[in-house]
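Just so we're aligned, residue 0 is where the sequence shown starts under numbering that gives the first Met the number 0, counting upward by one.
Structure first, then comments.
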Amino acid sequence: MKKGSYTFHGTVFKGSGRGAYYVGHPEYVKRFKELLGYAPFPGTLNVKLDTEEDIRQRERLRLRGEGLRIEEFHVAGERFSSVNCFKGRLEDQAIALLIVAITDYDDSVLELISPVYLRQKLHLKDGSAVSPTIEYYSR
Numbered sequence: 000m001k002k003g004s005y006t007f008h009g010t011v012f013k014g015s016g017r018g019a020y021y022v023g024h025p026e027y028v029k030r031f032k033e034l035l036g037y038a039p040f041p042g043t044l045n046v047k048l049d050t051e052e053d054i055r056q057r058e059r060l061r062l063r064g065e066g067l068r069i070e071e072f073h074v075a076g077e078r079f080s081s082v083n084c085f086k087g088r089l090e091d092q093a094i095a096l097l098i099v100a101i102t103d104y105d106d107s108v109l110e111l112i113s114p115v116y117l118r119q120k121l122h123l124k125d126g127s128a129v130s131p132t133i134e135y136y137s138r
């Protein structure tokens with residue numbers, strides 16, 4: 000497998016807040032620690048992609064499914080979706096792109112996690128331009 004990276008370009012926006020529930024769920028936290036080496040801040044940084052090429056690249060990552068994978072699981076009758084995680088960086092911060100099997104968003108949106116609150120650490124607000132770099136593997 001060959002390692003590559005891609006730098007996306009987009010704009011920060013406020014999501015529904017549901018990411019905080021899922022990313023902060025103890026079972027996901029345990030699995031993120033195993034795969035990524037850290038417990039994420041309980042929430043996602045949502046980025047609306049700027050270009051068609053960025054959207055196509057996000058779609059390729061989703062269709063390949065070659066990230067670090069968390070399989071679907073159930074807790075107390077509640078279904079938790081499978082997730083592919085792709086490590087990366089936003090400025091000097093470790094991040095991971097989450098490609099979730101069941102999500103409110105299409106391929107024009109990135110859902111990013113990090114061990115820190117990215118909005119605060121990087122002084123981001125709705126409308127801030129960001130360029131996260133994501134690592135991937137290809138055959």
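We put the CB at the ideal spot given by N, CA and C, even for glycine.
The structure presented is a predicted model; accordingly, all values stated were derived computationally and were not measured.
Collapsing the DSSP output to three states places Y21 in a helix. Listed in chain order, the beta strand (DSSP E) runs fully inside the segment 38-111 are 44-48, 67-69, 72-74, 77-79, 82-89, 92-99, counting runs of at least 3 residues. No residue range can be given for K124, since it is assigned to no alpha helix (DSSP H) and is classified by DSSP as neither H nor E.
Fewer than three beta-carbon pairs drawn from the segment 117-125 and the segment 19-32 are found closer than 8 Å, and the two stretches are therefore not classed as touching. Annotation for E134: K2, S4, F85, K86, G87 place their beta carbon closer than 7 Å to its own, counting only its chain and skipping 5 residues before and after. Taken atom to atom, the span from the alpha-carbon of H73 to that of I94 is near 26 Å. Looking at the DSSP output, E134 bridges to S4. Residue pairing of V129 in beta bridges, as defined by DSSP: G9. The C-alpha of T43 is placed about 12 Å away from the C-alpha of V99. The beta carbon of A128 sits closer than 7 Å to those of T10, all from its chain and outside the five residues before and after it, given in chain order. Inter-segment contact for the segment 66-80 and the segment 40-57 is absent: fewer than three beta-carbon pairs are separated by less than 8 Å.
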